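Notes follow the structure.
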Amino acid sequence: MYDQVLQHMERTVDILASRVPSPKRVPLKDSYAFRYTEKTVHQALVQKLARVVSGLYAARLLMEAGLVQEQAALQRVLDEITEDISFLSFSVVLGESTAQHQTYLEAFFQEEFDPSEAITSSRELPMVPRKKIRAYIDRITNGPKGSSTQVDTARTVSKAYSGYVHAASPQIMDMYGGNPPRFHMRGMRGTARHAEHKADLWNYFYRGIVAFALAAKSFGDDELFGSIRDFLDEFVKTTGKNYEANEWQDI
632 MYDQVLQHME RTVDILASRV PSPKRVPLKD SYAFRYTEKT VHQALVQKLA RVVSGLYAAR
692 LLMEAGLVQE QAALQRVLDE ITEDISFLSF SVVLGESTAQ HQTYLEAFFQ EEFDPSEAIT
752 SSRELPMVPR KKIRAYIDRI TNGPKGSSTQ VDTARTVSKA YSGYVHAASP QIMDMYGGNP
812 PRFHMRGMRG TARHAEHKAD LWNYFYRGIV AFALAAKSFG DDELFGSIRD FLDEFVKTTG
872 KNYEANEWQD I
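Everything in the sequence shown is counted per our numbering, starting at 632 for the first residue and increasing by one.
Listed below in structure tokens is the structure:
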């Protein structure tokens with residue numbers, strides 16, 4: 632069913648991309664690059680959605696190859712992208728764009744380097760702290776007081792996956808085992824760790840579909856939103872139970 636999900640997502644990105652001003656060719660050093668010059672929230676959402684799709688394609692390929700360390704590192708990226716989509720989408724749906732949202736968009740669209748100067752050092756980007764993005768989402772989904780449990784859970788999951796990004800020892804040692812024990816550097820196909828990460832990938836497809844539904848809502852397309860919700864229900868019914876992959880039952 633993952634193929635269906637990815638195809639559905641690609642079509643949705645194309646639909647939503649057609650509803651915002653197209654990227655324009657802008658000068659960049661001795662050449663040019665495509666950029667969204669209007670820098671709107673919906674243009675940002677289209678770009679984030681495109682990265683969800685490419686990220687899921689890549690995570691799936693890594694999983695199938697048994698490269699679960701790299702899969703987990705990429706899932707950490709997907710965590711932040713889907714949080715960003717929620718952060719931006721809620722601001723539109725609820726009509727409450729804040730100074731933090733404006734700061735986020737300014738940082739998102741800002742070039743890493745000044746295109747008119749030699750590349751010597753990167754610019755300082757006024758990023759919105761991740762904890763503030765999560766706190767905003769928490770307040771929207773759980774009320775003004777929020778839920779400390781949900782925030783703590785998000786932080787814990789983020790920290791665990793950051794171990795794969797930064798190659799921390801406990802995560803690296805997941806690669807070690809067998810008889811005789813050794814580091815499995817070509818992938819871990821057929822191992823218990825591979826089965827766990829295969830099941831874990833389901834969660835990222837699920838969250839990706841939810842992110843697409845939120846984005847569709849922010850575009851004011853209730854019909855598209857409803858179709859994505861229906862597709863999500865079908866995905867869960869076909870591949871999961873109690874908000875997790877069926878594969879977990881065999882682990």
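Glycine included, each C-beta is placed from N, C-alpha and C at the ideal position.
These numbers come from a predicted model, not from an experiment.
Check                                                                                                                                                        : Outcome
Report, in whole angstroms, the separation of the C-beta atoms of residue 684 and residue 644, which I expect to be a contact under 8 Å.                     : 6 Å
Nearest to residue 824 by CA position, among 703, 640 and 669, is which residue?                                                                             : 703
Can you give the Cα-Cα distance for residue 793 and residue 863, rounded to whole angstroms?                                                                 : 28 Å
If you reduce the DSSP assignment to three classes, tell me which class residue 659 lands in.                                                                : strand
Helix or strand or just coil, what does DSSP make of residue 704?                                                                                            : helix
If we call anything under 8 Å between Cβ atoms a contact, is residue 735 one with residue 708?                                                               : no
Are there 16 or more other CB atoms within 10 angstroms of the CB of residue 859, so buried, or fewer, so exposed?                                           : buried
Give me the DSSP bridge partner(s) of residue 620.                                                                                                           : The question about residue 620 has no answer here: the residues shown for the chain are numbered 632 through 882.
For residue 695 versus residue 764, is the C-beta spacing smaller than 8 Å?                                                                                  : no
Would you list the residues sitting across from residue 872 in a DSSP beta bridge?                                                                           : 875
What do you reckon, are the CB atoms on residue 699 and residue 797 nearer than 8 Å?                                                                         : no
Is residue 739 helix, strand or coil when you go by DSSP?                                                                                                    : helix
In the DSSP assignment, the alpha helix (DSSP H) including residue 884 goes from what residue to what residue?                                               : Because the chain is modelled from 632 through 882, residue 884 falls outside the range shown and cannot be assessed.
Would you check if the distance between the CB atom of residue 830 and the CB atom of residue 865 is smaller than 8 Å?                                       : no
Going by C-alpha to C-alpha distance, which of 705, 814, 678 and 664 sits closest to residue 689?                                                            : 705
Residues in the same chain with beta-carbon distance under 7 Å from residue 836, minus the five sequence neighbours each way, listed in chain order, please. : 633, 636 and 687
Counting only the same chain and skipping the five closest in sequence on each side, list residues whose C-beta sits under 8 Å from that of residue 665.     : 654, 655, 656 and 657
Helix, strand or coil, according to DSSP, for residue 650 in the structure here?                                                                             : coil
With the cut-off set at 8 Å, would you say residue 885 and residue 870 are in Cβ contact?                                                                    : Any answer about residue 885 is impossible in this case: the structure gives the chain only from 632 up to 882.
Quick check: residue 676 and residue 846, are their CB atoms within less than 8 Å of each other?                                                             : yes
Residues in its own chain within less than 6 Å of residue 721 by CB, not counting five upstream and five downstream?                                         : 771
Tell me the rounded alpha-carbon separation between residue 650 and residue 710.                                                                             : 26 Å
DSSP three-state label for residue 666, please.                                                                                                              : strand
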